[in-house]
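In my numbering, the protein residues as written are 11 to 225.
Here is the structure we will look at, set down as structure tokens.
Have a look at this one:
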């Protein structure tokens, strides 16, 4: 019996001696190195993929608006990328004149009268400094939820893309001086379809990747 106990203790000791004790500081460093960095991720795709894809796929806004007025579902099938939630993301381009600007909210917006469109839909462009929504992320068509660990990372990508709009697209424009200026723009707007009985098409709000004054 005593011999058996000694053998078991020897085996246990050998097993313990084979284990490697990792300091907590080293574990934290490993976890930090593996943590997702949305800024780095977006930096790697903004100029090389996001902006070119949206510019290349942009449809003329008057054409899209007229299609929306006729039939939302058909317009979505023809012109939009579809989010996992079923929302339609329309990638559009247009020119027009800025008629008014809201600078009181951090989510500043500019109302634009679009050349070639005389319909009832009001066109609004986000000018920040706070850009809201997931239109840029979902409008690309290639940034997918399955590419990320969880909803947190997916949301971080959207926020960082919006930061790039604020910093790189709108930049240091004096928002108080925008009204009355001609503008050319390319961007994405989203129509959510989860509540089919309450879809508001009286206005659209575009997140821009191009916002050029004076042209």
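Backbone N, C-alpha and C define an ideal beta-carbon position, used for all residues, glycine too.
Beta strand (DSSP E) segment containing residue i, residue limits
i	result
residue 188	Unbroken run through residue 188: none, as it is neither H nor E.
residue 110	98-112
residue 196	192-201
residue 208	No beta strand (DSSP E) holds residue 208; DSSP gives it neither H nor E.
Coil, strand or helix - residue i by DSSP
i	result
residue 71	helix
residue 45	coil
residue 76	helix
residue 88	helix
residue 216	strand
residue 64	helix
residue 82	helix
residue 224	coil
residue 126	coil
residue 38	Residue placement at residue 38 is poorly supported in this model, since its pLDDT is 46, which falls under 50; the coordinates still yield a value, given next. Helix at residue 38.
Chain-order list of residues whose beta-carbon lies under 8 angstroms from that of residue i (same chain, five-residue window excluded)
i	result
residue 43	Confidence is the limiting factor: at residue 43 the pLDDT is only 46, short of 50, which leaves the residue's position unreliable, though a coordinate-based value still follows. Nothing listed; no residue qualifies.
residue 51	167 and 170
residue 163	46 and 48
residue 139	116, 118, 176 and 180
residue 210	none
residue 199	99, 100, 102, 145, 214, 215, 216 and 217
Own chain partners of residue i with C-beta closer than 7 angstroms, once the 5 adjacent residues on each side are dropped
i	result
residue 141	172, 175, 176 and 217
residue 224	191 and 192
residue 213	131, 132 and 134
residue 67	101
residue 124	71, 72, 104, 106 and 133
Proximal residues to residue i (C-beta, below 6 angstroms), its chain only, five neighbours per side dropped
i	result
residue 63	150
residue 148	93 and 99
residue 85	77 and 78
residue 153	147
residue 144	168
Cβ separation of residue i and residue j, assumed to be a contact under 8 angstroms, to the nearest whole Å
i	j	result
residue 179	residue 219	6 angstroms
residue 202	residue 97	5 angstroms
residue 89	residue 74	5 angstroms
residue 185	residue 137	6 angstroms
residue 183	residue 108	With 8 angstroms as the limit, residue 183 and residue 108 do not qualify as a contact, their Cβ atoms being about 11 angstroms apart.
Report task. Report the residue ranges of all alpha helix (DSSP H) runs contained in full by the stretch 128-185; include only those spanning at least 4 residues, in chain order. Result -> The stretch 128-185 contains these whole alpha helix (DSSP H) runs: 145-149 and 161-174.
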